[in-house]
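Have a look at the structure below, then the notes.
Numbering (full-length UniProt numbering), first residue to last: 1 to 410.
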């Protein structure tokens, strides 16, 4: 759309006095400006429309959307509230207010607005889709998927619902379901970079790293600035032990998005795998400057520290952020044991086992601590438990090692 397509300036006094119906014309021009991402200009037109007709609910709704796009969420909510005072049965106003509430982290409020929209319009695919997003944010996985199913029953071509359901499937570990949903998106829209990226994630989770890389290549062919596709392709290359290739992908991701804490953290991991612990620590430091609550960066930096005291300090930080970070308990236990703090090590291995009762390595290391403390029976029991778990995992090398340690203790 060119400037000539937008309505010319309207004589303000003439409109407001003689042509009150031209409030709709201002609203239409505001929508045209919003389509060009001129949200401030759009708001000025909606203001004119509302000066002409203060009860024009549609103008409040569109002004609310423009304010939301300018990150003025509270003002947007006020506009949707005003639209609902004028028209309490506006499903669109409820739907849009729900979007703003979701953006503000008010998931219960977002769900309530979607419920109201569905009360007015039971066939709103958008309301089901958006309620699914809010339910997912509240960790109601089953409820989220049910909502996406409803949205797709109403509109089998709703691309966003397939994308969202696919991500829900993937995060639940149903990677095949995630792949099928990405396939559906690509049937509807063969140029969906998001669908290729998401399918790549699911394939990577299934250790089909080459297939994942092919999907990321497709995503990047469609959108060369999709930094997360570079980041994810780097992860797939990590899976193939192509650490240098992975670093190159993380570099590309960071050129596009210098504030990607994930890319810094992942590049640190690849550098560590190549033996460049100093470079890895620099990357973890940068990730933590961007996001001080990134537990993985603290954990991985701890693994690179040359001394156990510094490592323990980082494990402490990781556990402060995520008290259920089982590997952080395990590795901190190993570091505590290394500096002679056997009781601290015992506590950490206990906690790791409490979180994950099938953590064979934690049983094995606790057995070693008990052996050091003279508790031969406890040590034998722990090592036997570790051996049994290794056997269940078909890890015969570690199974035999645990049995050999039992013989040494006895």
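Note that beta-carbon positions come from the ideal geometry of N, C-alpha and C, so glycine has one too.
Keep in mind that this is a model prediction, so the values were computed, not measured.
For residue 373, the CB contacts under 7 Å within the same chain, skipping 5 residues up- and downstream, are 342 in chain order. Around the Cβ of residue 338, a 10 Å sphere holds fewer than 16 other Cβ atoms; the residue is exposed.
The distance from the Cβ of residue 182 to that of residue 202 is about 7 Å, consistent with a contact at the 8 Å cut-off. Sixteen is the threshold: since fewer than 16 other Cβ atoms of the shown chains lie within 10 Å of the Cβ of residue 396, the residue is exposed. Contact between residue 43 and residue 67 holds: their C-beta atoms lie close to 7 Å from each other, under 8 Å. Its Cα nearest to that of residue 319, the residue 333 stands out among 307, 333 and 306.
Between residue 69 and residue 335, the alpha-carbon positions lie close to 49 Å from each other. Judged by beta-carbon spacing, residue 134 lies beyond the 8 Å limit of residue 124, meaning their Cβ atoms are not closer than that value. Just measuring C-alpha positions, the residue of 83, 65, 168 and 85 sitting nearest residue 76 is 65.
Contiguous beta strand (DSSP E) elements confined to the region 326-388 do not occur, taking only those with 3 or more residues. The continuous stretches of alpha helix (DSSP H) do not include residue 157, and DSSP gives it neither H nor E. Beta-carbon to beta-carbon, residue 197 and residue 229 are separated by about 5 Å, close enough to satisfy the 8 Å threshold. Residue 263 and residue 192 have their C-alpha atoms roughly 23 Å apart.
Taking a C-beta distance under 8 Å as the contact criterion, residue 329 and residue 351 qualify as a contact pair.
With respect to the 8 Å criterion, residue 110 and residue 102 are classified as neighbours on the basis of their beta carbons. Taking a contact as a CB-CB distance under 8 Å, the pair residue 61 and residue 96 counts as one, their CB atoms being some 6 Å apart. Going by C-alpha positions, residue 208 is about 22 Å away from residue 164.
By alpha-carbon distance to residue 376, the top candidate from 256, 294, 406 and 231 is 406. Here residue 157 is exposed. Its C-beta has fewer than 16 other C-beta atoms within 10 Å.
Taking C-alpha positions only, residue 21 is separated from residue 99 by approximately 30 Å. Residue 277 carries a helical assignment under DSSP once its states are collapsed to helix, strand and coil.
Straight-line measurement puts the Cα of residue 56 at about 11 Å from the Cα of residue 84. Exposed is the label assigned to residue 324, since fewer than 16 other Cβ atoms lie within 10 Å of its Cβ.
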